[in-house]
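Peer 1: Residue numbers (the UniProt record's numbering), protein chains in the order written: chain A, 1 to 378; chain B, 1 to 378.
Number of protein chains: 2
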Amino acid sequence: MPDHFQLLKTDTATAARRGRLQTRHGVIETPIFMPVGTQGTVKSLTPAHLREIGSQIILGNTYHLNLRPTSELIKELGGLHAFMGWSGPILTDSGGFQVFSLAKLRKMHDDGVEFQSHLDGKKLFLGPREVMTIQQNLGSDIAMVIDECPPWPCDRDATAEACARSLRWAVKCKEIATDNGFLAAGHHVFAIVQGSTYDDLRREAAESLAALDFPGYAVGGVSVGEPEPEMLKQVGATTPFMPVDKPRYTMGLGTPPQLLKMVALGVDMFDCVLPSRVARNGLVFTPDGPMNLKNEKYRADPRPISEEINNYTTQFSRAYLRHLTVAGEILACTLCTLHNLHFYLDLMAQARAHIEAGDYGTWYRAWVERYETGAAAR
Amino acid sequence: MPDHFQLLKTDTATAARRGRLQTRHGVIETPIFMPVGTQGTVKSLTPAHLREIGSQIILGNTYHLNLRPTSELIKELGGLHAFMGWSGPILTDSGGFQVFSLAKLRKMHDDGVEFQSHLDGKKLFLGPREVMTIQQNLGSDIAMVIDECPPWPCDRDATAEACARSLRWAVKCKEIATDNGFLAAGHHVFAIVQGSTYDDLRREAAESLAALDFPGYAVGGVSVGEPEPEMLKQVGATTPFMPVDKPRYTMGLGTPPQLLKMVALGVDMFDCVLPSRVARNGLVFTPDGPMNLKNEKYRADPRPISEEINNYTTQFSRAYLRHLTVAGEILACTLCTLHNLHFYLDLMAQARAHIEAGDYGTWYRAWVERYETGAAAR
Chain A
1 MPDHFQLLKT
11 DTATAARRGR
21 LQTRHGVIET
31 PIFMPVGTQG
41 TVKSLTPAHL
51 REIGSQIILG
61 NTYHLNLRPT
71 SELIKELGGL
81 HAFMGWSGPI
91 LTDSGGFQVF
101 SLAKLRKMHD
111 DGVEFQSHLD
121 GKKLFLGPRE
131 VMTIQQNLGS
141 DIAMVIDECP
151 PWPCDRDATA
161 EACARSLRWA
171 VKCKEIATDN
181 GFLAAGHHVF
191 AIVQGSTYDD
201 LRREAAESLA
211 ALDFPGYAVG
221 GVSVGEPEPE
231 MLKQVGATTP
241 FMPVDKPRYT
251 MGLGTPPQLL
261 KMVALGVDMF
271 DCVLPSRVAR
281 NGLVFTPDGP
291 MNLKNEKYRA
301 DPRPISEEIN
311 NYTTQFSRAY
321 LRHLTVAGEI
331 LACTLCTLHN
341 LHFYLDLMAQ
351 ARAHIEAGDY
361 GTWYRAWVER
371 YETGAAAR
Chain B
1 MPDHFQLLKT
11 DTATAARRGR
21 LQTRHGVIET
31 PIFMPVGTQG
41 TVKSLTPAHL
51 REIGSQIILG
61 NTYHLNLRPT
71 SELIKELGGL
81 HAFMGWSGPI
91 LTDSGGFQVF
101 SLAKLRKMHD
111 DGVEFQSHLD
121 GKKLFLGPRE
131 VMTIQQNLGS
141 DIAMVIDECP
151 PWPCDRDATA
161 EACARSLRWA
171 VKCKEIATDN
181 GFLAAGHHVF
191 AIVQGSTYDD
201 LRREAAESLA
211 ALDFPGYAVG
221 GVSVGEPEPE
231 MLKQVGATTP
241 FMPVDKPRYT
251 MGLGTPPQLL
261 KMVALGVDMF
271 DCVLPSRVAR
281 NGLVFTPDGP
291 MNLKNEKYRA
301 DPRPISEEIN
311 NYTTQFSRAY
321 LRHLTVAGEI
331 LACTLCTLHN
341 LHFYLDLMAQ
351 ARAHIEAGDY
361 GTWYRAWVER
371 YETGAAAR
């Protein structure tokens, strides 16, 4: 057992796991959801709000922070934790995914990818050397390797090539993090398993990366446009070949039911912009499904978003939240974001409790059933 | 002495006053600044933030709330306090000022003003009956009479006519608030003194309204485009003729030095959108003057906005706040608004302390001198 991750319990009816991950900025109880703080802020929330709703770890985006205000400036100001006033753990992605989704004029090279900034067209380059330096500048507790994320769908040859390149880059990232003392100082580096829809390529990638003994592993290449069954199939085709004694993370996912389904497949960590992004449009989560606060039927509704949920936002009526949303008030973003992220964090807390209690399988299926047939959306 | 207002101390070197105003939702220590919550929210702040920065009373705008979500709906949901989750005192304006500044196709009648909503063009009417009903629906602790606010400049005849109409409307408002039990229930109604730049008309208006024994009095018709010396002259021409034993309020003003200068003229209460509005554009207040966080010189500045001020925002560096502002992040609005409103509230707390200590005159002149010659803006 590596000493940074303790596997406290594994469910018998599902592959769900209850774990504890040690980082330089504290312990994370898994399964866990990580709010996304793209530009050095979880949009519309203060660090005090993040604490209040039980955030254990947040995510920062290397691509964005490197463009603005730059990782060098953040390093000069004491690292990302000090810069944004968040003293808990931070995971940063490598920026590779955004190079593929946001940047212009990409050109692949053996040692990285050349691209133009989506902000000002400036020519930039990200490879293993660059992403590890940037994440070291940021002071990430968990840094991600750079990888090549195949689109969906993707033919087998291109996928195999992306896997091969991703493996070479992962090797290089680990070398760099070993040589410069990043790993020895207690920072973690997670590898990313690609393979698109090809089970054998996913297995091969997982096993090759497992042999390199990274502190953690992610399932990459999901949430790139594929339908949910395909996404779950890919996660399910990957986790069995990831090391049992390391934390597992699926990147960029998903809806509340998807999170529970992936916990059942043995995933420990999640991040997703969905709860905060939809919040800014007045969509909030309830145990009976999503609720669109802009709906006229909430105009005079004195009830909270949900009677079963207790957070700062649920002290207000649906009518008030609808008013703020319709009036375009900033407070609507803040209150709905706070609610949705608390909903996700609380869902993971419930999942942890049910894994501990040994009834995760029956609990999560009932939860999903209620959510998916719920009355809130009607 | 009326029992809702205690005049604790009057400065000897200036006309500054230290007072205490009792409302249905608690006591207000004066002089005081009232953050403006136009649409049922002080933009970008939660009620918890408002408490945290020491807000004693906030302001709501009748014109806006009556258009959306309507005062009837707010009444149905328990009044404005319950609707927006603010348990402290609330002052509401009459909506008259916005009819003149925002609405279209105004037509004056003896019993009120006809206009079109700036939101959807809907035809509406506001007169004494309507504004008192709306403010009763909202549950205002301090309701304002409807008045006619002359533009600047305004000729003498038109000003005299506006004063006469405002006086008739004030009489009517008080009758209504007496007949329907609003005043007896402990709600206050404040009258508004107009008169534009004509000292004798202001005196006449102040004395006529004083005779009607309102619970409080406001100086109206300032902050309508006139230069600062003219504004201060008008306030100074009004306060000496307002009752000594009632709270005095100047509407819609002003900069930090203006507030201190008006306290010296014997004003007790202020409201202004300036601190929250400029905050959303990255302008923050310091004892050395306003600071534009968008300025390139703050790019790597590790210092807080001010070393002398302690609020949630001053834990962050200028560099971080600049980054949020430049990146267009919502958190920039929240943090800068929190800072600016705290700055105003803290300034009033300092003013109260110096009135109590008996050195208000020397203190406020030194404060204004430093602010106006300060280095922050350079």
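Yeah, the Cβ is synthetic: ideal placement off N, Cα and C, and Gly gets one too.
Note that this is a predicted model, so its numbers are computed, not measured.
1) Confirm, please, whether the CB-CB distance from B:L65 to B:I57 is below 8 Å.
2) Rounded to whole angstroms, what's the CA-CA distance from B:V219 to B:V36? Just pull it up for me.
3) Mind pulling the alpha helix (DSSP H) runs of 4 or more residues that sit fully within the stretch 202-255 of chain B?
4) Residue 386 of chain B and B:R129: beta carbons closer than 8 Å?
5) Select from B:N295, B:K107, B:E226 and B:L59 the residue whose C-alpha is nearest the C-alpha of B:K123.
6) Any C-beta of chain A sitting closer than 8 Å to the C-beta of B:R68?
7) If we count the other Cβ atoms within 10 Å of its Cβ and call it buried at 16 or more, is A:S101 buried or exposed?
8) Taking DSSP's pairing of strands, which residues face B:M291 in a bridge?
9) Enumerated in chain order, which unbroken segments of the beta strand (DSSP E) with a length of 3 residues or greater are wholly contained in the stretch 32-87 of chain A?
10) Taking its Cβ as the centre, do 16 or more other Cβ atoms sit within 10 Å of B:N310, making it buried, or is it exposed?
11) Using 8 Å as the threshold, is the C-beta distance between B:G60 and B:G40 below it?
12) Near B:M348, what residues of its chain come up, given a Cβ to Cβ distance below 6 Å and the 5 sequence neighbours on each side ignored?
13) Under 8 Å, Cβ to Cβ, is there at least one residue of chain A near B:K43?
14) In chain A, which residues lie less than 7 Å from B:E329 when you measure between Cβ atoms?
15) Compute the beta-carbon to beta-carbon distance between B:R168 and B:D288, rounded to the nearest angstrom, for a pair I have assumed lies under 8 Å.
16) Shortest alpha-carbon distance to B:V244 belongs to which of B:L232, B:W152, B:G225 and B:D268?
17) If you draw a straight line from the C-alpha of A:E52 to the C-alpha of B:R51, how long is it?
18) Between the C-alpha atoms of A:L345 and A:S55, what's the straight-line distance to the nearest angstrom?
19) Contact criterion: CB-CB distance below 8 Å. Does B:G85 meet it with respect to chain C?
20) Applying a beta-carbon distance threshold of less than 8 Å, which residues of chain A neighbour B:T46?
21) Going by beta carbon distance, what residues of the same chain come within less than 8 Å of A:A319, once the five residues before and after it are set aside?
22) Would you report the Cα separation of B:M251 and A:G282, rounded to the nearest angstrom?
23) Give the residues of chain A in contact with B:P302, contact being defined as C-beta atoms less than 7 Å apart.
24) Could you confirm whether any beta carbon from chain B is found closer than 8 Å to the beta carbon of A:Y320?
25) Heavy atom of the ligand MG less than 7 Å from the Cβ of B:A351, yes or no?
26) Give the DSSP-derived three-state secondary structure of A:T12 in the structure shown.
27) Taking its Cβ as the centre, do 16 or more other Cβ atoms sit within 10 Å of B:E207, making it buried, or is it exposed?
28) Scan the stretch 100-185 of chain A and note each continuous beta strand (DSSP E) run of 3 residues or more that stays entirely inside, going in chain order.
29) Measure from the alpha carbon of B:S117 to the alpha carbon of each residue in B:R68, B:E161 and B:A327, then state which is nearest.
30) In this structure, does DSSP put A:R277 in helix, strand or coil?
31) On the DSSP letters alone, give me the boundaries of the beta strand (DSSP E) that B:T92 sits inside.
32) Ordered along the chain, which non-local residues of its own chain (more than five positions away) have a Cβ less than 6 Å from that of A:S44?
33) Quick check: B:I146 and B:F190, are their CB atoms within less than 8 Å of each other?
34) Can you check whether the C-beta of B:Q98 is within less than 8 Å of a C-beta belonging to chain A?
35) Can you tell me which residues form a DSSP beta bridge with B:A191?
36) Give the residues of chain A in contact with B:S306, contact being defined as C-beta atoms less than 8 Å apart.
Peer 2: On the basis of the supplied data:
1) Here the question's residue 57 of chain B lines up with position 57 in the second sequence. Here the question's residue 65 of chain B lines up with position 65 in the second sequence. Cβ distance not < 8 Å, so B:I57 and B:L65 don't count as in contact.
2) Position 219 of the second sequence, counted from the first residue, corresponds to residue 219 of chain B. Position 36 of the second sequence, counted from the first residue, corresponds to residue 36 of chain B. So the two alpha carbons sit approximately 17 Å from each other.
3) 228-238
4) For residue 386 of chain B there is no data in the structure shown, the boundaries of chain B being 1 and 378.
5) Looking up residue 123 of chain B in the second sequence gives position 123. Here the closest residue by C-alpha is B:K107.
6) Position 68 of the second sequence holds residue 68 of chain B. B:R68 counts as touching chain A.
7) Locating residue 101 of chain A in the first sequence gives position 101, counting from the first residue. A:S101 is exposed by the Cβ-count criterion.
8) Start at 1 with the first residue of the second sequence, and residue 291 of chain B comes out as number 291. Note: B:M291 sits in a beta bridge opposite B:V284.
9) 32-34 and 58-60
10) As a working mapping, residue 310 of chain B is identified with position 310 in the second sequence. When all chains shown are included, B:N310 counts as exposed.
11) Position 60 of the second sequence, counted from the start, is the residue given in the question as residue 60 of chain B. Position 40 of the second sequence, counted from the start, is the residue given in the question as residue 40 of chain B. Yes, they are a contact pair.
12) Position 348 of the second sequence, counted from the start, is the residue given in the question as residue 348 of chain B. Same-chain partners within the cutoff: P31, I32 and F33.
13) Within the second sequence, numbered from 1, the residue matching residue 43 of chain B stands at position 43. Cβ-Cβ to chain A under 8 Å: yes for B:K43.
14) Looking up residue 329 of chain B in the second sequence gives position 329. Per Cβ cutoff of 7 Å: Q39, T41 and K43.
15) If you number the second sequence from 1, residue 168 of chain B lands on position 168. If you number the second sequence from 1, residue 288 of chain B lands on position 288. That belief does not hold up - the Cβ atoms of B:R168 and B:D288 are roughly 48 Å apart, past 8 Å.
16) Along the second sequence, one-based indexing puts residue 244 of chain B at 244. Of B:L232, B:W152, B:G225 and B:D268, the residue nearest in Cα terms is B:D268.
17) Here residue 52 of chain A is taken as the residue at index 52 of the first sequence, counted from 1. Here residue 51 of chain B is taken as the residue at index 51 of the second sequence, counted from 1. Near 17 Å, if we compare the C-alpha coordinates of B:R51 and A:E52.
18) Along the first sequence, one-based indexing puts residue 345 of chain A at 345. Along the first sequence, one-based indexing puts residue 55 of chain A at 55. The alpha-carbon atoms of A:L345 and A:S55 are separated by roughly 7 Å.
19) Of the chains in the structure shown, none is chain C; the protein chains are A and B.
20) As a working note, residue 46 of chain B is residue 46 in the second sequence. In chain order: Y312, L331, T334 and L335.
21) As a first step, residue 319 of chain A is located in the first sequence; it is residue number 319 there, counting from the start. For A:A319, where only same-chain residues beyond five positions count, the Cβ hits under 8 Å are Y298, R299, A300, D301 and P302.
22) On the second sequence, position 251 is the one that residue 251 of chain B refers to. On the first sequence, position 282 is the one that residue 282 of chain A refers to. Near 34 Å, if we compare the C-alpha coordinates of A:G282 and B:M251.
23) Against the second sequence, residue 302 of chain B aligns to sequence position 302. Simply L77.
24) What you label residue 320 of chain A is simply residue 320 of the first sequence in a count that begins at 1. It does: the Cβ of A:Y320 has a partner Cβ on chain B nearer than 8 Å.
25) Of ligands this structure carries none, so the ligand MG is not represented either.
26) By one-based count along the first sequence, residue 12 of chain A stands at place 12. In the structure shown, A:T12 adopts coil according to DSSP, grouped into three states.
27) As a working mapping, residue 207 of chain B is identified with position 207 in the second sequence. By the Cβ-count criterion, B:E207 is exposed, with fewer than 16 other Cβ atoms from all chains shown falling within 10 Å of its own Cβ.
28) 104-109, 112-116, 123-126 and 142-144
29) Numbered from 1 along the second sequence, position 117 holds the residue referred to as residue 117 of chain B. B:S117 has its Cα closest to that of B:R68, out of B:R68, B:E161 and B:A327.
30) Counting from one through the first sequence, the residue named residue 277 of chain A turns up at place 277. A:R277: helix per DSSP, three-state reduction.
31) To locate residue 92 of chain B, count along the second sequence from 1; it is residue 92. It spans I90 to T92 - the beta strand (DSSP E) in which B:T92 sits, taken as one unbroken run.
32) As a working note, residue 44 of chain A is residue 44 in the first sequence. If we look at A:S44 and ignore the five residues flanking it on each side, its Cβ neighbours are C333, T334 and T337.
33) Position 146 of the second sequence holds residue 146 of chain B. Position 190 of the second sequence holds residue 190 of chain B. Contact flag unset, no.
34) Along the second sequence, one-based indexing puts residue 98 of chain B at 98. Output row for B:Q98: interface = no.
35) Position 191 of the second sequence, counted from the start, is the residue given in the question as residue 191 of chain B. Partner(s): B:Y217.
36) Residue 306 of chain B sits at position 306 when you count from the first residue of the second sequence. In chain order: nothing, as chain A lies at least about 17 Å away.
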